[in-house]
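Scroll down for the structure; my scribbles are underneath it.
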Amino acid sequence: MVSPSSQEVFIQGITHDGKTFRPSDWAERLAGVMSQFRPGGAQPGSHLSYSPWCIPTTLNGVKCVVVHRDLRDFEPMAWDFVLNFARDNHLQVADACLLPDTPPSKR
15 MVSPSSQEVF
25 IQGITHDGKT
35 FRPSDWAERL
45 AGVMSQFRPG
55 GAQPGSHLSY
65 SPWCIPTTLN
75 GVKCVVVHRD
85 LRDFEPMAWD
95 FVLNFARDNH
105 LQVADACLLP
115 DTPPSKR
């Protein structure tokens with residue numbers, strides 16, 4: 015279940031039974047499909063970069079896709095697509111808010 019107050023949803027490359035999801039580039043593939051959904055809509059060449067609303071990353075050694083709630087507001091069917099992808103593949107989903115990195119001089 016996705017909390018209405020969180021700003022991001024993390025789709026983790028770990029199934030509910032603890033197995034690593036395959037193929038290993040699933041996060042990049044999913045984010046690539048979602049690249050057209052972005053602030054201002056698709057532009058020429060926008061398929062060459064990830065949408066700021068759907069970013070592949072690795073957290074603690076686990077492949078993830080961070081999906082921002084703005085995607086739901088912009089295109090509800092795209093939001094449903096990514097959540098259904100997670101559900102259909104039995105992937106773990108966590109609500110969170112990704113914090114920006116603190117520069118080394120500020121730590």
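Under my numbering, think of the first position of the sequence shown as 15, with each following residue one higher. The beta carbon of each residue, even a glycine, is placed where N, CA and C say it ideally should be.
Can you tell me the Cα-Cα spacing of Asp73 and Ala92, whole angstroms?
Stepping through the sequence shown from its first residue, residue 73 is reached at position 59. Stepping through the sequence shown from its first residue, residue 92 is reached at position 78. For the sequence presented, residue 73 should be read as Leu rather than Asp. Each residue's alpha carbon lies about 23 angstroms from the other.
Just the C-alpha distance for Asp94 and Trp40, rounded to the nearest angstrom, thanks.
Position 80 of the sequence shown, counted from the start, is the residue given in the question as residue 94. Position 26 of the sequence shown, counted from the start, is the residue given in the question as residue 40. Roughly 17 angstroms between the two C-alpha positions.
Beta strand (DSSP E) segment containing Glu22, residue limits:
On the sequence shown, residue 22 is found 8 positions in, with the first residue counted as 1. Glu22 -> beta strand (DSSP E) spans 22-29.
Are the CB atoms of Val79 and Pro90 within a distance shorter than 7 angstroms?
Taking the sequence shown and counting its residues from 1, the one referred to as residue 90 is at position 76. Taking the sequence shown and counting its residues from 1, the one referred to as residue 79 is at position 65. It is not a contact, given that the beta carbons lie outside the stated cut-off.
Tell me the rounded alpha-carbon separation between Ala110 and Gln26.
What you label residue 110 is simply residue 96 of the sequence shown in a count that begins at 1. What you label residue 26 is simply residue 12 of the sequence shown in a count that begins at 1. In a straight line, the C-alpha of Ala110 is about 12 angstroms away from that of Gln26.
Within a Cβ cutoff of 7 angstroms, which residues of the same chain sit near Ser52, ignoring the five residues on either side of it in sequence?
Along the sequence shown, read from residue 1 onward, the residue named residue 52 stands at position 38. Residue identity differs from the one stated: residue 52 is Arg in this sequence, not Ser. Answer for Arg52: Ser60, Ser65, Pro66, Trp67, listed in chain order.
Residues near Met15 in its chain [Cβ-Cβ closer than 6 angstroms; skip 5 each side]:
Within the sequence shown, the letter at position 1 stands for residue 15. Residue placement at Met15 cannot be trusted, given a pLDDT of 49 that sits under 50; what the coordinates show is reported in the next sentence. Around Met15: no qualifying Cβ.
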